[in-house]
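In our numbering, the protein residues as written are 8 to 124. For each residue, glycine too, the CB sits at the ideal point set by N, CA and C.
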């Protein structure tokens, strides 16, 4: 179960910026400050959830005496960094998506994409 939650949390983290930016591209809502707040706060939650559920998945594997993945014996620094700087990771991950959004709005303004979409 923890493995499913780990993968779900990671998937949500990776999908959040493109989903929110596609929604903004089509509707011009939400405002930029709200969009950035959503990306940073939800991204932080999802990336920290990914760390927590991955650790729980490792604990499940240890309890079942199964083979452990490489790097399972982390000293915890990655968890601490994720807890304090997960918002920064979410922001940095969203930057390329802002570039894609800018290209889309440029194409829309030049008539390459119909404005009714």
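Same chain, Cβ closer than 7 Å to residue i, five either side skipped, listed in chain order
i	result
residue 55	89, 90 and 93
residue 5	Nothing can be reported for residue 5, as the shown portion of the chain is limited to 8 through 124.
residue 2	In the structure as shown, the chain begins at 8 and stops at 124. Residue 2 is therefore absent and cannot be evaluated.
residue 67	9
Range of the contiguous alpha helix (DSSP H) that encloses residue i
i	result
residue 75	Looking at the DSSP string, residue 75 is not in any alpha helix (DSSP H), and its letter there is neither H nor E.
residue 119	Segment: none, residue 119 is in no alpha helix (DSSP H) and carries neither H nor E.
residue 33	9-34
residue 57	39-70
C-beta atoms of residue i and residue j nearer than 7 Å
i	j	result
residue 60	residue 96	no
residue 9	residue 63	yes
residue 31	residue 44	no
Expected contact under 8 Å - CB spacing of residue i and residue j to nearest Å
i	j	result
residue 16	residue 53	5 Å
residue 46	residue 101	5 Å
residue 65	residue 75	7 Å
residue 111	residue 120	7 Å
Neighbourhood of residue i by C-beta, 8 Å cutoff - its chain only, sequence neighbours within 5 removed
i	result
residue 104	24, 25 and 28
residue 36	30
Own chain residues within Cβ distance below 6 Å of residue i, not counting five before or after
i	result
residue 98	47
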